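Everything on this sheet refers to the single structure shown next.
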Amino acid sequence: MGDLLGFVLSGLVSGALYALLATGLVLSYSASGLFNFAHGATAYLCALAFYELHSGFGWPAVPTALLLVCVVAPGLGWGLDRLMFRKLARVGETAQIVATIGLLVALPAAGLWVVELLERAGAPVQPAENQFGLPGVGPSPAVSWQPLDGVGIDSDQLITWLATALVAAGLWVLMRHTRLGLRLRAAVDNRSLTELRGISADRLSSIAWMLSSGLAGLAGVLATPLLGLSAHDYTLFLFVSATAAVLGRFLSVPLAFAGGLGLGVLQNLVAGYASFAEDITGFRTAVPFLILFGGLVVLAQRRRAAGTAAADPPPVDYLAGKGPGRRWGAWAAAGALLATAFYTVTTPFWSGILAQGLALGLVLMSFTVVTGLGAMVSLAQATFVTGAALVAGLLMSHGWPFVAAAAVGTAAAALLGAVVALPALRLGGRSLALATLALAFLADQVLFQVGWLRNGDTGWEIPRPILGPLDLGDDRALGVALVVLSAVVVWLLTWLRGSRWGRAVLAVRSAPEAAAASGVSVVRTKLLVFTVSAGLAGFGGVLYASYNTRITATDFTAMTGLVWLAVVVAAGVRRPQFAVVAGLVFAVVPHLMATYVTESAHLPVILFGLAGLALANDPDGYCAALPSRRAARAARTTGTAGTATAPTTQVVREDAPVPVPAQGRAQAAGSEAHAPPPALALHGVRAGYGGAAVVHGVDLEVRGGEVLVLLGPNGAGKSTLCRVAAGLLRPSAGTVRVLGRDAGRDDTVRRARRGVRLAPEGRGIFAGLSIEENLALQLPASEDRDAVYARFPALAARRTVAAGSLSGGEQQLLALAPLLQRPPAVLVADEPSLGLAPRVVDEVFRLLAELRDSGTALLLVEEKAAEVLGIADTVAYLSQGGIAWSGPRSEVDRDRLAEAYLGTGVRR
Amino acid sequence: MPRPIRTLAAAAAALLLATACNSASTGGTSDEPGSPGGSARGVTADTIKVGGIVSMTTASGYSKKDTDLGAKARYDRANAEGGVNGRRIDYLGAEDDGQDPARNLAAARKLVQQDKVFAVSPMSSVTFAGADFLDRQKVPTVGWGTLPSFCGPKHLYGFNGCLVPTPGGTLNQTWPEGLATVLGGARGKSVALIAGDNDAGKFGIRTFTQGFKAAGFQLAYAKAAVPATSLPSDWSAYTKEILRSGPGGRAPDAVVSVMQTPYNIGLFTALKRSGYKGVISDPTDYDPGLLAKDATRQALDGVHVLLQFQPFESESPAMARFKADIKKAAGGKDVPLNMHMMTGYMSADLFLSIAAKAGKDLTVESFQQAAAGFSDTGTLVGDRAEPKGQKESFGCGALVRLKNGRYEVAVPFKCYPPIPFG
């Protein structure tokens with residue numbers, strides 16, 4: 015019993031650190047929707063800074079720690095948010111993952127570089143290498159006590175517990191009992207609705223990043239005595255704590271916190287009691303990753319279609335419609351030049367480097383399949399490489415010829431790929447990325463520890479093949495062979511992409527249900543994508559290993575896979591030829607840098623990591639950046655923008671109809687020129703999504719105390735118009751004026767602050783917040799809330815209930831109630847009666863009428879025309895993106911109404 | 005198939021054909037070293053060019069960068085003494101491989117193909133992907149033989165021998181014999197062995213189990229149980245099991261850790277807090293730099309550390325010379341000594357000794373010939389002999405004990421006969 019208690023108590027120490035890191039992960043994730051792989055690097059940076067300032071500069075421990083945790087780390091978080099994360103939140107998921115992977119290597123390198131510079135400048139810094147037993151905040155060496163028999167604690171553990179408990183309490187107060195916390199939770203619940211309420215989600219995101227970084231900094235400072243100054247260990251620690259974030263589903267701070275604590279305890283219990291697994295080498299090492307993997311698979315919610323990243327829209331193909339000569343000419347010439355160069359200009363050293371780059375290029379092309387085509391992020395590619403090469407090496411040691419061994423190795427990798435693909439059937443996006451990462455670590459720690467497969471540290475020799483007269487032992491011959499192979503694989507992949515199967519993959523990627531409905535097997539397609547990609551990685555891996563002439567189990571680790579992904583995505587993951595460029599650049603640039611630019615080992619790493627910054631601007635990589643920018647500029651000047659978007663992957667929006675030429679143009683309620691300016695006025699507004707215009711020159715005006723009802727069939731552009739009015743969508747032409755002032759350049763927040771409120775389609779409430787909190791967001795004064803409760807006793811009785819559990823009608827009441835208390839200048843309501851019972855609809859319209867009477871200008875979009883006409887002052891019909899008719903309610907007749915709905919077009 | 009792709013394929017085929025002819029005609033050996041006539045790569049009338057490969061910057065915080073300083077100290081001294089057979093050593097300094105296999109190979113290639121060195125010494129890293137390349141290019145290489153590449157390949161030498169026992173080879177008994185001396189004989193004494201949970205840890209447990217048994221110890225506990233990549237914050241699970249593993253449920257007489265410093269600090273601290281009074285030993289923590297921190301000093305206090313070279317505390321003239329050379333190379337500063345300096349210094353020393361024996365006509369062949377029958381005695385790493393050192397460790401070592409913030413020699417430096425390993 016003493017044992018168990020001891021294990022639990024001391025397990026809470028690493029648990030506390032996991033909890034801190036996991037909480038930070040959840041905060042930053044909810045702020046900008048990206049999983050921060052560099053979170054551990056931030057912790058490391060703070061540990062390094064703490065060590066240098068405390069031990070080097072001799073600053074006192076506690077103030078230094080406070081400075082780092084409360085000022086420096088949040089400052090770093092703020093800076094990164096402004097520079098990177100804010101932009102990244104708007105690009106695809108792959109670019110997000112990669113950018114933070116870049117930071118993962120860049121931040122520690124930057125820290126060490128600063129130390130290097132300081133040392134050169136003569137500052138009293140300490141070397142950062144080979145440092146063990148570093149002092150933490152408390153006494154060093156730690157004081158230890160033994161309160162119970164067999165249960166010992168020391169001062170470092172105690173400090174970790176206390177600090178973590180303090181942070182937990184602080185976070186709880188902040189999130190539950192302050193206005194800022196309420197807003198943060200609201201932004202997590204529904205970011206765009208927060209903006210519609212006039213609260214800047216960007217600012218909240220900055221704050222969340224600052225908090226998150228501060229927590230990472232705290233974890234770093236607390237972990238200094240434990241982890242020392244190993245950036246690698248901090249990152250591993252982070253991956254483990256990702257398990258806790260998964261337990262909290264990346265949303266719930268308390269769950270993640272508890273998960274972290276539990277994880278530490280569980281790990282300790284396994285260490286104490288897992289004697290059953292002693293025969294499996296690496297089992298104990300792998301425990302955290304087993305938990306991570308299990309947690310992901312079990313807890314994953316099928317919220318979005320698994321295995322896809324529809325958030326990654328395909329880029330504009332700037333060469334669409336161009337001939338193959340234009341498309342391939344330059345590449346063919348470059349390949350031929352490179353091949354010729356091997357036998358003419360390059361020195362033996364550079365021949366070797368180029369051959370290595372080409373071999374890596376083959377491996378990197380596997381990302382083109384799984385990530386570029388399949389839109390799934392696999393962090394296990396290095397596993398396939400190691401697996402294939404080990405198998406091939408094993409066979410060659412038994413006398414197999416190269417080609418046969420390579421074939422079997424490739425098949426083994428493909429098989430591994432199929433295994434790794436299994437979670438892909440259930441997971442998507444970052445969950446999938448994390449699951450593949452967990453599997454990669456499992457492979458490193460268990461599979462590749464198997465003695466007969468790895469052959470100790472010796473590994474297997476993989477001699478270069480000799481094919482007839484062709485001896486690839488010569489780097490030049492190998493180089494040319496690799497150029498040819500790369501060309502073949504590029505051609506194969508390009509062909510594959512355009513084939514039936516490639517189209518099936520694209521279909522599965524963007525709309526799995528639709529794909530399944532049209533007879534494409536989602537399961538088989540995903541399995542195939544992974545299998546093909548893993549096989550390709552394995553094939554490339556065997557060649558890469560044969561360039562090295564040997565494979566050992568530690569040559570390509572899970573972390574290598576992370577770096578590879580960053581390398582290839584930075585170049586561009588859509589086209590296989592970009593992967594070849596990526597491989598060459600990765601092989602060549604470090605040597606060029608070392609020769610011509612800098613002696614420092616850190617600077618190239620920093621620059622490499624900052625490629626993520628570039629991704630924020632060019633999410634499709636540097637290979638495509640220049641030509642696509644030029645193409646975009648050319649398109650702008652000729653005025654034919656958006657000529658070619660790949661139609662296969664375009665997600666069809668409900669309110670984005672096929673564009674039609676603008677025709678209808680009506681003047682709605684704009685005749686009286688005297689009186690105060692209209693509360694909301696749209697003039698000549700054109701708007702749409704991407705290249706597709708939806709609304710073609712609409713004029714609308716609505717005054718305070720007036721109700722304008724907008725009718726029209728599905729797809730007429732009603733919701734689009736609402737979005738324009740609320741500032742969610744910026745019109746491509748025309749003006750928007752609020753209370754007589756030009757508001758055309760507003761973002762959502764500014765528009766909301768001018769007094770324009772949008773009650774969006776569905777319910778405009780924060781489902782995860784309680785009734786009280788929903789009200790408090792808009793009615794900070796408690797008298798206002800009391801007044802609401804007095805008026806709606808149904809809400810008062812359930813004020814602590816989560817709004818999401820209310821009935822549809824109650825939710826709508828909850829959305830309108832604060833508006834009644836503090837009437838806005840303009841209310842734009844998109845289908846306020848949607849899905850409500852008739853009795854409730856009456857109630858809602860009564861409330862809307864009341865709102866009008868208190869002076870609010872209402873723009874109502876409705877399907878239930880008959881009911882809404884009861885409160886309308888003016889009615890406008892929208893048809894095919896234009897106003898077909900508008901006029902006072904009295905002039906509306908049944909025929910017009912019917913035509914509006916049938917969409918037959920009441921064209922004057 | 006689009007026409008350009010056909011063109012591309014045709015061009016590629018033509019190129020491939022040309023390559024085939026070309027490589028067939030040159031026999032695939034584009035840069036064969038050591039052309040006949042005596043002038044070897046990197047050797048001129050009055051210089052020998054030598055490079056090094058060392059892990060300096062790493063993400064793990066572990067660095068061997070002082071290896072470079074050690075090598076420089078030894079080469080400086082050789083040059084001050086007039087060089088090797090009249091040739092000055094042109095030491096280019098060490099390339100940093102960052103513990104990355106790809107960079108290790110690239111560094112080897114750069115040294116050979118671009119810098120055209122005669123030899124690579126020192127080579128000290130956790131990875132040696134460049135080994136096959138260096139051996140094939142016939143580049144004499146001397147380094148820290150903790151990797152299997154130093155055991156076998158003709159041109160690769162470990163400065164204190166090959167430290168990875170191979171089945172059928174021999175096992176170095178320095179540690180068991182040394183601990184037996186500390187404990188006053190091995191008979192009836194029990195030992196607990198602990199290592200990380202990976203293949204290397206398993207292998208370590210296997211070799212030392214055999215070694216300690218052969219020396220007469222009882223093995224109370226021998227497990228590769230500690231998570232190898234994530235440092236445990238709590239060691240009680242391991243210490244509890246170890247402390248109950250001895251005969252009659254008592255604590256074993258000695259606990260031997262085959263792990264790295266951060267792990268040892270945690271384990272030893274936990275052992276001592278549980279009241280363990282026996283002998284604690286490990287092979288990695290002989291680093292006077294560790295004494296600079298109170299926490300490590302306390303954790304390692306009383307620990308017996310194995311080392312395979314003469315302790316810095318020894319008073320031999322060779323050690324005095326080593327210290328003087330290091331101080332000079334460090335620009336006259338008293339830098340804290342560590343084993344990486346010794347690695348660099350003695351790697352350079354082995355290279356210089358063999359090169360001196362090779363005579364005035366220094367080529368790879370003459371170097372290899374000299375190495376084939378090379379032996380000397382009484383160096384900082386004991387009695388050296390090649391090619392024996394390409395199969396087994398030189399078998400010499402000492403145990404030092406940390407006491408009151410200072411290392412003191414517990415078992416003096418001595419060479420022990422190896423036992424067969426199977």
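Chains as they are written, first to last, in the working numbering: chain A, 15 to 922; chain B, 5 to 426. We put the CB at the ideal spot given by N, CA and C, even for glycine. Nothing here was measured: the structure is a model prediction, and the numbers come from that model.
Where B/I423 and B/P416 are concerned, what is the direct C-alpha to C-alpha distance, given to the nearest angstrom? 21 Å
Buried or exposed by the 16-neighbour rule on C-beta atoms within 10 Å, applied to A/T814: exposed
Backbone secondary structure at B/K142 - three-state DSSP: coil
Rounded straight-line distance, which links the Cα of A/P477 to that of A/L275: 49 Å
What three-state label does DSSP hand A/H697 in the structure shown? strand
Cβ of A/A201 versus every heavy atom of the ligand FAD: is any distance shorter than 6 Å? Although the ligand FAD was asked about, the structure shown includes no ligands whatsoever.
Integer-rounded CB distance, given that B/D80 should sit under 8 Å from B/K332: 7 Å
Could you tell me the boundaries of the alpha helix (DSSP H) in which A/E133 lies? 107–134
How would you list, in chain order, the residues of chain A whose beta-carbon sits under 9 Å from the beta-carbon of B/Y66? E143, N144, S244
DSSP state of A/S995 mapped onto helix, strand, coil: With chain A covering 15 to 922 only, the question about residue 995 of chain A has no answer from this structure.
Chain B within 7 Å of A/A33, Cβ atoms only: no
Mind pulling the chain A residues with CB within less than 8 Å of B/N89? Here the premise fails: no neighbours, minimum Cβ distance about 29 Å.
Is B/S285 close to chain A? Criterion is C-beta to C-beta, closer than 7 Å. no
Tell me which same chain residues have a C-beta within less than 7 Å of the C-beta of A/S904, skipping the five on either side of it? none
For A/S169, go through chain D and note every residue whose CB falls closer than 8 Å to its CB, in chain order. Of the chains in the structure shown, none is chain D; the protein chains are A and B.
With 16 as the cutoff for other CB atoms within 10 Å, does A/Q370 come out buried or exposed? buried
Could you tell me which residues DSSP pairs with B/G348 in its beta bridges? None, per the DSSP bridge assignment.
So B/V262 and B/I284 are supposed to be a Cβ contact under 8 Å. How far apart are they, rounded? Actually they are not in contact, since the Cβ atoms of B/V262 and B/I284 sit about 13 Å apart, beyond 8 Å.
Collapsed DSSP secondary structure at B/H159 in the structure displayed: coil
Would you decide whether A/R193 is buried or exposed? Buried here means 16 or more other CB atoms lie within 10 Å of its CB. exposed
Tell me B/C419's beta-bridge partners as DSSP assigns them. B/C400
Where does B/Y411 fall in DSSP's three states? strand
Which residues, taken in chain order from the region 217–239 of chain B, show a beta carbon closer than 8 Å to some beta carbon of chain A? K227, A228, A229, V230, P231, A232, T233, S234, L235, P236, S237, D238
Report, in whole angstroms, the separation of the C-beta atoms of A/L198 and A/L218, which I expect to be a contact under 8 Å. 6 Å
For the region 326–348 of chain B, which residues have a CB atom closer than 9 Å to at least one CB atom of chain A, in sequence order? N342, H344
Cβ-based contacts, 7 Å cut-off: residues of the region 733–759 of chain A near chain B: none
Who are the Cβ neighbours of A/D168 in its own chain at under 7 Å, not counting the five residues just before and after it? A156, V157, S158
Residue range of the alpha helix (DSSP H) that includes A/G149: The question names Gly, but residue 149 of chain A in the sequence shown is Pro. No alpha helix (DSSP H) holds A/P149; DSSP gives it neither H nor E.
Near A/G869, what residues of its chain come up, given a Cβ to Cβ distance below 7 Å and the 5 sequence neighbours on each side ignored? G718, G719, P837
Cβ-based burial, A/E613 [other Cβ within 10 Å; buried from 16]: exposed
Listed in chain order, which residues of the region 352–371 of chain A have Cβ atoms closer than 9 Å to some Cβ of chain B? A353, T354, F356, Y357, T361, P362, F363, W364, S365, G366, I367, Q370
Hey, how far is the Cα of A/T574 from the Cα of A/E107? 20 Å
Return the first residue and the last residue of the alpha helix (DSSP H) that A/D800 is part of. 796–805
Which bits of chain A does B/K244 rub up against, with CB to CB less than 7 Å? D17
Please state the DSSP three-state secondary structure of B/E369. helix
Along the chain, where does the beta strand (DSSP E) that runs through B/A388 open and close? In the sequence under discussion, the amino acid at residue 388 of chain B is Arg, which differs from the Ala named in the question. Residues 386–389.
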